[in-house]
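Undergrad: Mind looking over this structure? Questions follow.
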Amino acid sequence: MRILVIEDDDKLGRFIVHGLEQERFIAELISNGNQAVDYILNNLFDVIVLDVVLPGKDGYSILREIREMGETTPVLLLSGRDTVEERVRGLDLGADDFLGKPFAMQELAARLRALLRRTLPDKTTKLKCSDLVLDTVSHTAIRDGKEIDLTTKEYSLLEYMMRNKNRILSRSTITQHVWKHNFDPDSNIIDVYIKRLRNKIDYKKGKQLVQSVRGVGYRIKDFEDE
4 MRILVIEDDD
14 KLGRFIVHGL
24 EQERFIAELI
34 SNGNQAVDYI
44 LNNLFDVIVL
54 DVVLPGKDGY
64 SILREIREMG
74 ETTPVLLLSG
84 RDTVEERVRG
94 LDLGADDFLG
104 KPFAMQELAA
114 RLRALLRRTL
124 PDKTTKLKCS
134 DLVLDTVSHT
144 AIRDGKEIDL
154 TTKEYSLLEY
164 MMRNKNRILS
174 RSTITQHVWK
184 HNFDPDSNII
194 DVYIKRLRNK
204 IDYKKGKQLV
214 QSVRGVGYRI
224 KDFEDE
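Under our numbering, residues 4 to 229 are what the sequence shown spells out, in order.
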């Protein structure tokens with residue numbers, strides 16, 4: 004699940020992004036209210052975490068604009084002014100939830116999962132590739148009835164591949180979307196993580212879902228699409 008965090012406090016923003024990544028969300032951070040509306044309208048996110056106090060446009064103005072333009076992505080507002088009046092104002096403008104500062108990271112993550120359960124139909128929260136099922140809300144992977152234990156980065160890699168199943172993904176594409184930066188061309192980090200996924204997902208002999216395409220990249224293949 005992709006989360007956009009709009010927060011001008013760099014330390015807090017990085018704390019939120021790190022915490023969400025530990026919860027196996029894919030999170031992006033922007034800090035300027037003037038950039039927010041265009042960024043939201045030109046990218047796809049499952050939830051937006053929006054601070055009220057921002058340089059440029061404040062969170063309420065951003066929320067009003069995107070709702071007037073028909074943008075329906077769920078929004079959770081963050082504010083240091085946790086009063087009834089502030090909560091009512093935000094909810095009336097179109098926010099789906101409101102969380103006062105300071106907050107516990109566990110509560111923020113739980114509220115985001117609740118938003119996803121309420122707003123996304125079941126078919127969009129569960130990704131399927133042959134007999135492998137990935138639940139993007141509970142962040143669990145099951146194959147042949149067995150739950151697969153994945154690290155945070157293994158989960159992010161698997162989710163990205165399953166959202167692009169049957170497509171050949173280059174190393175550079177994977178690093179940009181899963182790691183969000185490029186490695187040294189001689190680094191074997193992608194190969195290491197692909198091998199880990201293979202060992203966990205294709206643990207039984209038979210059709211191998213995680214595949215290498217020599218000289219091109221990797222893919223996860225859905226044999227039910229044949």
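Don't be surprised by glycine CBs; every beta carbon is placed ideally from N, CA and C. Owing to the predicted nature of the structure, the values given are computational and were not obtained by experimental measurement.
Just verifying my parser: in three-state terms, what is the DSSP assignment at residue 102?
TA: strand
Undergrad: Who are the Cβ neighbours of residue 181 in its own chain at under 6 Å, not counting the five residues just before and after it?
TA: 159, 160 and 163
Undergrad: Residue ranges of each alpha helix (DSSP H) run of no fewer than 4 residues wholly in the stretch 36-93, ordered along the chain?
TA: 36-44 and 62-71
Undergrad: Measure the alpha-carbon distance for residue 223 versus residue 143 and round it to whole angstroms.
TA: When only Cα atoms are considered, residue 223 and residue 143 end up about 17 Å apart.
Undergrad: Roughly how far, in whole angstroms, is the beta-carbon of residue 5 from the beta-carbon of residue 47, given that I think they are within contact range, below 8 Å?
TA: 7 Å
Undergrad: Within 10 Å of its beta-carbon, does residue 101 have 16 or more other beta-carbons around it, so buried, or fewer, so exposed?
TA: buried
Undergrad: Taking the alpha carbon of residue 136 as the point to measure from, which residue in 94, 76, 154 and 212 has its own alpha carbon closest?
TA: 212
Undergrad: Does the Cβ of residue 171 have 16 or more other Cβ atoms within 10 Å, making it buried, or fewer, making it exposed?
TA: exposed
Undergrad: Excluding five sequence neighbours on each side, which residues of the same chain lie with their C-beta closer than 7 Å to the C-beta of residue 34?
TA: 10, 11, 13 and 16
Undergrad: Checking the sheet assignment: what are the DSSP bridge partners for residue 220?
TA: 216
Undergrad: Cutting at 6 Å between CB atoms, please list the residues of its own chain near residue 210, excluding the five before and the five after it.
TA: So the list reads 226, once near-sequence residues are dropped.
Undergrad: Does the distance between the C-beta of residue 196 and the nearest non-hydrogen atom of the ligand GTP fall short of 7 Å?
TA: What this structure holds is no ligand at all, so the ligand GTP is not there to describe.
Undergrad: Name, in chain order, the residues that DSSP records as bridge partners for residue 137.
TA: 130 and 144
Undergrad: Hey, could you find the ends of the beta strand (DSSP E) residue 29 is sitting in?
TA: 29-33
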